[in-house]
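For the sequence shown, the working numbering assigns the number 28 to the initial residue and increments by one for each residue that follows.
C-beta atoms are modelled at their ideal positions from N, C-alpha and C, and glycine is treated no differently.
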Amino acid sequence: MTTTAARRSTTVTAPPFGGGHGTHPGTVVEPHLDPNLSTRPDIRPSSRRLGPGRRRRFAGLVGPAALILLWVAASATGLLDPRILSEPWTVVSTAGELIADGRLQENLAISAQRAGLGLFFGIVVGAVLAVLSGLSRVGESLIDGPVQIKRAIPGLALIPLLILWFGIDETMKVLTITLGVFVPIYLQTHAGLRGIDLRYVELAQTVGLSRAGFIRRVVLPGALPGFFLGLRFAVTGAWVSLVVVEQINSTSGIGYMMELARTYGQTNIIVLGLAVYGVLGLLSDAAVRLLERKALSWQRTLAG
Numbered sequence: 028m029t030t031t032a033a034r035r036s037t038t039v040t041a042p043p044f045g046g047g048h049g050t051h052p053g054t055v056v057e058p059h060l061d062p063n064l065s066t067r068p069d070i071r072p073s074s075r076r077l078g079p080g081r082r083r084r085f086a087g088l089v090g091p092a093a094l095i096l097l098w099v100a101a102s103a104t105g106l107l108d109p110r111i112l113s114e115p116w117t118v119v120s121t122a123g124e125l126i127a128d129g130r131l132q133e134n135l136a137i138s139a140q141r142a143g144l145g146l147f148f149g150i151v152v153g154a155v156l157a158v159l160s161g162l163s164r165v166g167e168s169l170i171d172g173p174v175q176i177k178r179a180i181p182g183l184a185l186i187p188l189l190i191l192w193f194g195i196d197e198t199m200k201v202l203t204i205t206l207g208v209f210v211p212i213y214l215q216t217h218a219g220l221r222g223i224d225l226r227y228v229e230l231a232q233t234v235g236l237s238r239a240g241f242i243r244r245v246v247l248p249g250a251l252p253g254f255f256l257g258l259r260f261a262v263t264g265a266w267v268s269l270v271v272v273e274q275i276n277s278t279s280g281i282g283y284m285m286e287l288a289r290t291y292g293q294t295n296i297i298v299l300g301l302a303v304y305g306v307l308g309l310l311s312d313a314a315v316r317l318l319e320r321k322a323l324s325w326q327r328t329l330a331g
């Protein structure tokens, strides 16, 4: 960035001693800027947009809509065998029949209850453990190791042991979902706490913040971004765990409905169950992102 300026010189000549002509050795030269030339920096706005652009409403539905259109086109042209994957209109008709006799709503309510309970307990356990581990070296030495061990063990590997301990009733199902939820909550919240700038901690000590004030003004703002990221993973983990537990000696739920349809070769009900899980996952993720934008309105990011 350069500044263009032109300078002209004005010569002021004093009369010589003794009345002669000439220039006095002390001639004063006064520089000044040419008013006809600009002295502003040569700044030109770039025509390129470096960010992702403005947030578009309903932009998240473009991808799912494209998949549905591809499914419709493949089914209508005969490229997709209905014995492998039912046509979209058949799935819609099946959904109407199940809604009419109340089976879909009943199973959906039971599945939502299981997922909600597991998600709630998982959030509480994960957040509490993350705070204890993130704000205390003693807590970290006691908690972080066992959580990392659980992280390395797939949730499905624990199901046989949970069945032996708790049977196949609701306790086992909710506990399985809880174990799949609390790990991402813990990991992301703990990372957010450990990532708080040490200068903020020193400033809080300098101004004499109380423990409660330190948590409210420093800890929570620093941990919330990581917590919401973990919550998005946790919601997905809840639905994935639900699919598994509802297909193990269950008598209700969307997963049970799909497993029963597999026995009778009803691909339309199986695809309907998958669609229900997909819609639930999409809606729950959108709800978490909306809550995140409201809670972190002070934070400006590329996500908008």
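| Asked | Found |
| --- | --- |
| So, does the region 312-324 touch the region 248-260, judging by three or more C-beta pairs under 8 angstroms? | yes |
| Do you know offhand how far V55's Cα is from R226's? | Its pLDDT being 49, under 50, V55 is placed unreliably by the model, and nothing is read from it. |
| Compute the Euclidean distance between the alpha carbons of T278 and T216, then round it to the nearest angstrom. | 36 angstroms |
| To the nearest angstrom, report how far apart L156 and K200 are at their CA atoms. | 22 angstroms |
| Pick out whichever of I242, T263 and I275 has its Cα sitting closest to the Cα of D196. | I275 |
| Assign N276 to one of three DSSP states: helix, strand, or coil. | coil |
| Does DSSP put S237 in a helix, a strand or coil? | coil |
| Identify, in the order they occur along the chain, each residue of the same chain with its Cβ nearer than 6 angstroms to the Cβ of S311, setting aside the five sequence neighbours on each side. | V262 |
| Contact defined as beta carbons within less than 8 angstroms: I believe V208 pairs with L146. What is the distance between those atoms, to the nearest angstrom? | 6 angstroms |
| Short of 7 angstroms in beta carbon distance, which residues of its chain neighbour L188, apart from the five on each side in sequence? Order them along the chain. | none |
| Using the Cβ count rule (16 or more neighbours within 10 Å means buried), how would you classify L88? | exposed |
| Are the region 236-244 and the region 119-131 in contact at 8 angstroms, needing three or more beta carbon pairs? | no |
| With a threshold of 16 other CB atoms inside 10 Å of the CB of A142, please say whether the residue is buried or exposed. | buried |
| Taking all protein chains shown into account, do 16 or more other C-beta atoms lie within 10 angstroms of the C-beta of Y291, making it buried, or fewer, making it exposed? | exposed |
| Which parts of the region 168-195 are runs of the alpha helix (DSSP H), unbroken and 4 residues or longer, counting only runs that do not cross its ends? | 186-193 |
| Classify E229: buried if its beta carbon has 16 or more other beta carbons within 10 angstroms, exposed otherwise. | exposed |
| So, helix, strand or coil for G222, using DSSP? | coil |
| Among the residues of its own chain, which have a CB less than 6 angstroms from the CB of I137, if the five just before and after it don't count? | S279 and G280 |
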